[in-house]
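>
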Amino acid sequence: MNSVPDLGHGVGLRREHFGRVLEGPTRVDWFEVISENFMGKGGRPLHVLERVRRDYPVALHGVSLSIGSTDPLDRDYLDRLRELADRVEPAWVSDHLCWTGVGGHNAHDLLPLPYTEEALEHVVARVEAVQEHLGRRIALENVSTYLHFAGSTLPEWEFLAEVAHRADCGILLDVNNVYVSAVNHGFDPEKYLAAVPADRVWQVHLAGHTDCGSHLLDTHSRRVCDEVWGLYRFATRRIGAVASLIEWDEEIPDWDTLEAESLRARAVRQEA
Amino acid sequence: MQRFPDLRGVQSLFWRLVAAPEGVAAAVGSEDLSYLIRPDARLGAVERLDIYADMYFYRLRDCLAEDFPKLAARVGAAHFHNLVTDYLLAHPPRHFSLRELGRALPDFTGSHALERSFPALADLARLEWARVEVFDDADAAPLCWQRLLEGGAAAPESFAATLIPSARLLRLDASVLALWRGDPAEPGERIGVRVWRKGFAVHHRSLATDEERCLRELAAGGVTLARLGELVGNAPRLAALLDLWARDGLIAESEARDTPDR
């Protein structure tokens, strides 16, 4: 059984919809925000976040934790994240099972890890350090990948499950990312979903991707495709009722279109 | 075949290849990467690394284009692409926030060959960067006209003000204000410009000499109305400036500071 609440069906809060969301009401249950976008000292972003938080549950979703990097953890970043979490009181804090830079550089991209015992031990130790620093458990999201390291000794789903088990953290299961990686690497996405420990899944992400011919790219630029809805149905039957969230970050549509995707997630879960 | 590196080795090599300005293929050369990345029938190792290299560059370029839209428009897409390429080589991103990516771009632009073709380009970038900075700078309660009147009348020697945190004072080529609007302009004299946020809206405007003198003192904090009177030397003019600053939400009340240098 999950230790976090089922928040229902939400969407990622983006600047383009600030006005519409504040105007209210909406038919979504909750919002997820990109943590780094709200680490400024003031101005409209924090004002909007505080207003939204008054009326909805909010989760913080980061992109810069770089949990898999071999660089030291960025203490300044963690301090800012803790400060933001204290201010917002989010339902949970999440980031990605990846690395974003090395040698002091930051690619601002979600880079793939080799699935090795060395990487596993490294990530687990850092998750524990982060949870200690933040004073809360975190959830990690599986990312879309475009290459497979020759030295990997574990399938991704085993690596993810083992990190969550050993570090006692949650899983943010991105169903679109499972599908994108499955197509890119030729594995069965249902096998992946069947191996994820249901009691560790705090949240599900749903998003659209772009077919580049030779590979799928996780662009968050369109509606969720039928295959991903099918996988969401499959995942829901396994893991039960956990919060779902629609991510849409490029070619951002009007509010009604985005909201409709969230309502579809609700309907799919009810069917399942 | 080479052995698969440890995690540090994997990440260092990966970074070197995807951030290589000459492109992944040139950086890899004739090296066989099959010890590192498993190829398949659809894509080889270089093509797979290229996906990451493209995402790296284009995400950062798009971020800079969003923060410096006037600069990007002034030089055009091809020049901007090359400027960003050179900039990322000199200043690869190190901060956790993309917001910080463009911090060094104005000065870098000033030393770039494009500055010769597009005069005042660096100053245009300085104006845009100041607008980025004040957008989410700390909030402050601005002084209203009523409070200025009350406080100033009651204690002009001790009633003090400061510039709000979400304001910047710049020295720029006068042509920049026209260039920012997209109008043609020739380089001119250097002028004072203030950039500030009122509510959630970011503004900028040029400064008269006496206004700039006052605001530079106010930026150091704790300037009494009496001191502002000395700086302006003209009571009606000071009243006009205070009225303007109050309407713009530009100053906040503060403790008076010691001024041994006066």
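These protein sequences, in sequence, are chains L and E. Each residue of the first sequence is one higher than the last, beginning at 5 in our numbering. Each residue of the second sequence is one higher than the last, beginning at 11 in our numbering. Quick reminder that beta carbons are idealized off the backbone N, C-alpha and C, glycines included. All figures in this text were calculated on a predicted structure; none of them were measured in a lab.
Using a C-beta to C-beta distance shorter than 8 Å, which residues of chain E count as neighbours of Gly44/L?
Neighbourhood of Gly44/L in chain E, by CB distance below 8 Å: Arg109, Phe145, Asp146, Asp147, in chain order.
> Check distances from the C-beta atoms of the region 72-99 of chain L to those of chain E and list, in chain order, the residues that come in under 9 Å.
Gly72, Ser73, Thr74, Asp75, Asp78, Asp80, Tyr81, Arg84
> Expressed to the nearest angstrom, what Euclidean distance is found between the alpha-carbon atoms of Leu173/E and Arg157/E?
One Cα belongs to Leu173/E, the other to Arg157/E, and the distance between them is close to 16 Å.
> For chain L, find out if any of its Cβ atoms is closer than 9 Å to the Cβ of Ile47/E; answer yes or no.
yes
> Spell out whether any CB of chain L is found under 9 Å from the CB atom of Glu263/E.
no
> Going along the chain, which unbroken runs of the beta strand (DSSP E) with 3 or more residues stay wholly within the region 211-250 of chain E?
211-216
> Count the other CB atoms, across all protein chains shown, that sit within 10 Å of the CB of Met65/E; report buried if there are 16 or more and exposed otherwise.
buried
> Distance, Cα to Cα, Leu225/E vs Ala36/E?
53 Å
> Judging by CA-CA distance, which residue of Ala218/E, Glu196/E, Pro152/E is the nearest neighbour of Val203/E?
Ala218/E
> Run the CB neighbour count on Glu254/L, radius 10 Å, all protein chains shown included, and call it buried at 16 or more, exposed below.
It counts as exposed.
> How would you write the range of the alpha helix (DSSP H) that Ile61/E sits in, first residue to last?
55-77
> Buried or exposed for Met293/E, please, with buried defined as at least 16 other CB atoms from any protein chain shown within 10 angstroms of its CB.
The first residue shown for chain E is 11 and the last is 272, placing residue 293/E beyond what the model contains.
> Taking the continuous alpha helix (DSSP H) assigned at Val228/L, which residues delimit it?
Counting along the chain, Val228/L falls outside any alpha helix (DSSP H), and DSSP gives it neither H nor E.
> How would you list, in chain order, the residues of chain L whose beta-carbon sits under 8 Å from the beta-carbon of Phe210/E?
Against chain L, the beta carbon of Phe210/E has neighbours under 8 Å at Gly47, Arg48, His51, listed in chain order.
> Can you tell me which of Ala171/E, Trp190/E, Pro194/E, Pro246/E puts its alpha carbon nearest to the alpha carbon of Gly232/E?
Nearest of Ala171/E, Trp190/E, Pro194/E, Pro246/E to Gly232/E, Cα basis: Ala171/E.
> What runs of the beta strand (DSSP E), each 3 residues or longer, lie entirely inside the region 105-164 of chain E?
none
> Is any beta-carbon of chain L found at less than 9 Å from that of Glu32/E?
no
> Can you name the start and end residues of the beta strand (DSSP E) that His152/L belongs to?
From DSSP, His152/L is part of no beta strand (DSSP E); its letter is neither H nor E.
> Going straight from the alpha carbon of Ser168/E to that of Asp258/E, what length do you get?
Going by the C-alpha atoms only, they are around 23 Å apart.
> Could you check the C-alpha separation between Glu263/E and Leu17/E for me, to the nearest Å?
54 Å
> Would the region 80-93 of chain L and the region 175-193 of chain L be scored as touching if the rule is three or more Cβ pairs under 8 Å?
no
> On the CB-based measure, 16 or more other CB atoms within 10 Å of its CB, does Trp155/E come out buried or exposed?
exposed
> Can you tell which of Asp260/L, Thr261/L, Trp252/L, Glu275/L has the C-alpha that lies nearest to the C-alpha of Val297/L?
Since the displayed chain L opens at 5 and closes at 276, residue 297/L lies outside it and no answer follows.
> Consider the Cβ of Pro193/L: report whether some Cβ of chain E lies at a distance smaller than 9 Å.
no
> Taking Cβ to Cβ, would you say Arg52/E is nearer than 9 Å to Ser218/L?
yes
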